[in-house]
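Q: Using numbering that gives the first Met the number 0, the first residue of the sequence shown is number 0, and each one after it goes up by one. For glycine and all other residues, C-beta sits at the position ideal for the given N, C-alpha and C. On a predicted model such as this, the values are computed, not experimentally measured, just so you know. Below is the structure I would like to discuss, written out as structure tokens.
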Amino acid sequence: MTEREAGASAGGGRRPGLLSPPAWLVHGLRPQDAPVPWAAVGRASVALAAPLAVGIAAGQPAYGALASMGALSGVIGDTADAYRMRLLNIAVPQVFGAVGVTLGTLVYGHGWVAVGVLTVVALVSGMISSIGAVASVSGLLLLLNAVVGAGLPMPEPWWKAPALLAVGGLFVLALTLLGWPFRRRAPEQAAVAAAYRDVADLFAVAGTREGAEYDARRHAVTRSLDTSYDVILARRARDHGRRGPMVRLLAQLNALIPLVESVAAAHRYGRASRRPEIAAAVRSLADSVASGRRDAPELVLPEPEGPADRAVDRALRHASAVVHEPDLEAGSADDRLGRPAALRVRLRRTARSALTSEQSWRYGLRLALCVGLAQSFVSLVPVSRSYWVALTVTFVLKPDFGSVFSRAVLRALGTAAGLLLAAGVLAAVPRGWADVPVMMLLAALIPAFSAKGFVFQTAAVTPVILLLSDVLNHQGFDLVLPRLLDSLIGCTIVLVAGYALWPESWHTRIGDRLADAVEETARYVEGAFGGVEHAERVRRRRRLYRDLSSVRSEFQRALTEPPPTGARAAAWWPLVVAVERIVDATTAARVRVDHGAAPPSAEEVADVERQVWALAAGLRSSVVLVEVRAELSGDEEGVLEPLRQEVRAARAIASPAEKP
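Structural data, given as structure tokens:
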């Protein structure tokens with residue numbers, strides 16, 4: 000299957016029959032191939048059941064239920080690997096959750112005042128959710144807990160509910176940090192080793208005819224490098240020393256960059272560098288990083304046969320020397336991407352970005368509108384335990400979870416499945432001590448099912464929330480049907496007010512996002528042959544690959560939308576692949592020049608750069624792709640010929656609608 004066919008399939012273009020489900024729905028219902036996180040399963044089981052058991056033993060089951068709700072937030076937010084990031088992912092959102100439930104408790108039973116307050120909270124939540132991963136979870140908990148506090152009676156005085164929720168979250172944090180003294184650096188070490196293994200897998204497919212496999216491996220390398228640098232530089236922001244384990248890991252990660260650059264050249268021009276000994280040597284380095292081994296095995300590599308092979312040979316020998324170096328010098332661990340700024344500087348930049356970003360305001364206003372409508376609806380129409388409507392709106396409109404349209408449909412399906420399970424529990428299990436083993440089982444399903452996809456996570460979370468809600472309001476089996484109705488109402492509000500009424504849902508801005516990446520590609524081409532220092536070229540390339548990864552994610556999200564957005568994204572998908580290959584070809588050309596190939600003339604570089612700028616301009620001015628026959632001349636045996644071929648291919652891509 001070609002890239003274009005793959006994109007069309009993902010976008011739900013053709014269907015085998017009128018009664019066949021759309022591709023986006025099939026994709027959402029298909030469980031992801033992910034291992035069960037057994038450690039997280041055990042933590043979730045203990046974290047949610049223990050507070051409930053303590054509350055029952057103390058004669059205050061409602062207190063235990065609130066603490067378990069706080070633990071539920073911590074379990075859902077515990078998605079990082081490194082302990083420092085897990086600490087932030089759990090602790091910081093708990094503060095926002097405490098503020099949210101406090102605001103909700105203060106306006107409980109105050110009618111339209113509660114509507115106004117929750118609308119404002121939704122605006123703030125939406126704006127901060129677009130900042131980053133920790134802010135996203137924090138904004139989610141701020142709004143969720145505010146909605147719960149405004150919809151359920153909480154114990155007096157006002158501070159008791161946020162305190163109990165915080166206790167549950169801190170309990171999850173304590174369970175998470177139990178292994179810190181024994182494996183405090185293990186996540187960072189595992190991340191760097193995983194990056195080496197992904198590069199080894201990329202070398203294993205370099206030069207193969209199946210370009211899709213190479214592209215997939217390259218994307219995996221990009222993700223691994225992003226994760227590793229994020230994890231290690233976050234630690235380095237607090238470590239001002241020039242020695243120690245983090246410095247060693249950073250140096251080992253930096254040594255991987257020349258290998259990543261050289262594999263692009265090996266894929267196109269390599270001979271000896273395509274032999275299996277190269278991938279095996281990189282896997283051996285990954286094992287050394289993972290085990291901390293310092294004794295360097297002898298490298299037996301094939302003799303280089305050209306500039307590309309020399310680049311791989313030198314990069315591999317350099318990486319081996321760094322990985323096995325017993326005592327690294329200070330200069331070998333320079334931060335290739337730059338050290339993070341001071342915390343106060345980052346906070347100031349973040350606040351400025353959230354207040355001035357069009358995307359931040361757009362999402363905040365969309366979320367505020369939908370939450371305001373949900374609360375207004377339940378204020379005008381008597382709906383039992385109406386907080387569930389706004390909860391549904393919040394989960395469905397989460398900005399970084401994927402397509403709003405597909406999430407609304409999948410949320411309804413997941414809730415229906417979860418309610419079937421909850422109905423059996425509420426009907427058969429009496430409230431009291433029997434809730435504890437049931438909670439242990441249901442809580443264990445959350446991390447196990449969350450790894451499989453959104454619809455499965457919804458099906459796992461729904462019965463847990465219903466069971467805890469029943470401990471607070473004692474409605475029993477009568478909770479089931481109202482919750483299904485509330486979810487359907489919330490999904491309808493999102494589909495109408497959060498999706499259909501917004502022009503961007505039908506006229507997506509994916510072309511502008513791709514055009515931004517193409518412009519950065521033009522600058523990268525210019526810098527690659529324009530006298531820019533190597534360290535700066537590395538930073539530009541890493542930023543560009545990260546941007547292209549984000550663009551790819553945006554397109555994959557758009558592919559799950561119904562027509563016309565999904566159809567347009569499917570038509571433009573091959574151009575995303577073409578731009579990535581332009582970057583790869585530029586890197587390969589620069590690597591060859593660095594290792595003996597003749598450099599291109601300034602006129603050749605300017606000609607290629609001009610065509611890439613023209614491609615970006617065309618993307619901004621066109622609704623559909625228009626085929627352009629790019630006239631590019633130059634030495635057909637020169638280092639830039641493959642790059643010119645990729646630029647010609649990108650310019651020649653046309654929308655299917657343009658073809659006869």
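1. For the alpha helix (DSSP H) holding Trp572, just list the boundary residues, first then last.
2. Using C-beta distances below 6 angstroms, list every residue in its chain close to Glu310, excluding the 5 sequence neighbours before and after it, in chain order.
3. Which residues in the same chain as Gly240 place their Cβ atom closer than 6 angstroms to its Cβ, once the five residues preceding and following it in sequence are excluded?
4. Determine the DSSP secondary structure at Trp360, reduced to helix, strand or coil.
5. Would you say Tyr386 faces chain C, with C-beta separation under 8 angstroms as the test?
6. Whole angstroms are fine: how far does the CA of Arg580 sit from the CA of Ala211?
7. Can the beta-carbon of Glu187 be found less than 8 angstroms from the beta-carbon of Ile231?
8. Starting from Asp308, trace the alpha helix (DSSP H) in both directions and tell me its first and last residue.
9. Going by Cα to Cα distance, which pick from Leu483, Met438 and Gln93 is closest to Val408?
10. Starting from the Cα of Leu87, find the closest Cα among Ser137, Val119 and Leu465 and give me that residue.
11. Please classify Lys451: does DSSP put it in a helix, a strand, or coil?
12. So is Asp32 buried or exposed if we call it buried at 16+ other beta carbons inside 10 Å?
13. Determine the closest residue to Arg442 out of Gly452, Ala450 and Ala459, with distance taken between C-alpha atoms.
14. Beta-carbon within less than 7 angstroms of Gln610's beta-carbon, same chain only, minus the 5 sequence neighbours each way: which residues are those?
15. Return yes when the Cβ of Tyr107 is within less than 8 angstroms of the Cβ of Ala149, no when it is not.
16. If I measure Cβ to Cβ from Val454 and keep anything under 7 angstroms in the same chain, skipping five residues before and after, which residues do I get?
17. Any idea if Thr221 is buried or exposed, counting beta-carbon neighbours within 10 angstroms, 16 or more meaning buried?
18. For a test of the three-state rule: what should DSSP assign to Val627, helix, strand or coil?
19. Does the separation of the CB atoms of Arg430 and Asp469 fall below 8 angstroms?
20. Could you tell me which of Tyr362, Ala605 and Val166 sits nearest to Ala121, measuring between CA atoms?
21. Starting from His109 and walking both ways along the alpha helix (DSSP H), at which residues does that stretch end?
22. Since Leu284 contacts Ser227 with CB under 8 angstroms, what's their CB separation in whole angstroms?
23. Where does Leu444 land, buried or exposed, given buried means 16+ other C-beta within 10 angstroms?
24. Inspect the CB distances between the segment 167-175 and the segment 38-52 and report whether three or more fall short of 8 angstroms.
25. Just to confirm the assignment, what range does the alpha helix (DSSP H) spanning Glu535 have?
26. When you compare the segment 191-211 with the segment 526-546, are there three or more beta-carbon pairs, one atom per stretch, that lie closer than 8 angstroms?
27. Going by DSSP in three states, Phe476 sits in which element: helix, strand or coil?
28. Do three or more CB pairs link the segment 513-523 to the segment 539-551 at distances below 8 angstroms?
29. What span of residues does the alpha helix (DSSP H) with Asp197 cover, start to end?
30. Ignore the nearest five residues each way along the sequence and tell me which others in Leu471's own chain have a CB closer than 7 angstroms to its CB.
31. With a threshold of 6 angstroms on Cβ separation, who are the neighbours of Ala584 within its own chain once the five nearest residues in sequence on each side are excluded?
32. Tell me whether Asp568 is buried or exposed, calling it buried when 16 or more other Cβ atoms sit within 10 Å of its Cβ.
33. Among residues of its own chain, excluding the 5 on either side of Trp157, which ones have a beta-carbon nearer than 8 angstroms to its beta-carbon?
34. Within 8 angstroms, do at least three Cβ pairs link the segment 543-557 to the segment 596-611?
35. For Gln93, which of Val133, Gly110, Arg270 and His109 has the nearest alpha-carbon?
36. Relative to the alpha-carbon of Leu368, which residue among Pro446, Lys451, Leu379 and Ile492 has its alpha-carbon at the smallest distance?
A: Taking the coordinates as given:
1. Thr564 to Asp593
2. According to the sequence as given, residue 310 is Ala; it is not Glu. Contacts found: Ser261, Ala264, Val590 and His594.
3. Bear in mind that a pLDDT of 45 at Gly240, under 50, signals an unreliable position, so the number given afterwards is only what the model happens to contain. Cβ neighbours of Gly240 beyond the five flanking positions: none.
4. helix
5. Here there is only one protein chain, and chain C is not present.
6. In a straight line, the C-alpha of Ala211 is about 11 angstroms away from that of Arg580.
7. yes
8. Pro306 to Val322
9. Leu483
10. Nearest C-alpha to Leu87: Ser137.
11. coil
12. exposed
13. Just to set this straight, residue 442 is Ala in the shown sequence, not Arg. Of Gly452, Ala450 and Ala459, the residue nearest in Cα terms is Ala459.
14. Ala629, Leu631, Val646 and Arg650
15. yes
16. Gly27, Leu28, Leu409, Leu412 and Gly413
17. buried
18. coil
19. Yes, the pair counts as a contact, with Cβ atoms nearer than the cut-off.
20. Tyr362
21. No alpha helix (DSSP H) contains His109, which DSSP labels as neither H nor E.
22. So it is not a contact: roughly 14 angstroms between Cβ atoms.
23. buried
24. yes
25. His533 to Leu558
26. With the cut-off at 8 angstroms, the segment 191-211 and the segment 526-546 do not touch.
27. helix
28. yes
29. Ala185 to Val204
30. Counting only Cβ-Cβ distances below 7 angstroms, and skipping sequence neighbours, we find Ala61, Ala64 and Leu151.
31. Pro641, Leu642 and Glu645
32. It is Ala, not Asp, that sits at residue 568 in the sequence shown. So Ala568 counts as buried.
33. Thr101, Thr104 and Leu105
34. No, the segment 596-611 is not in contact with the segment 543-557.
35. Val133
36. Ile492
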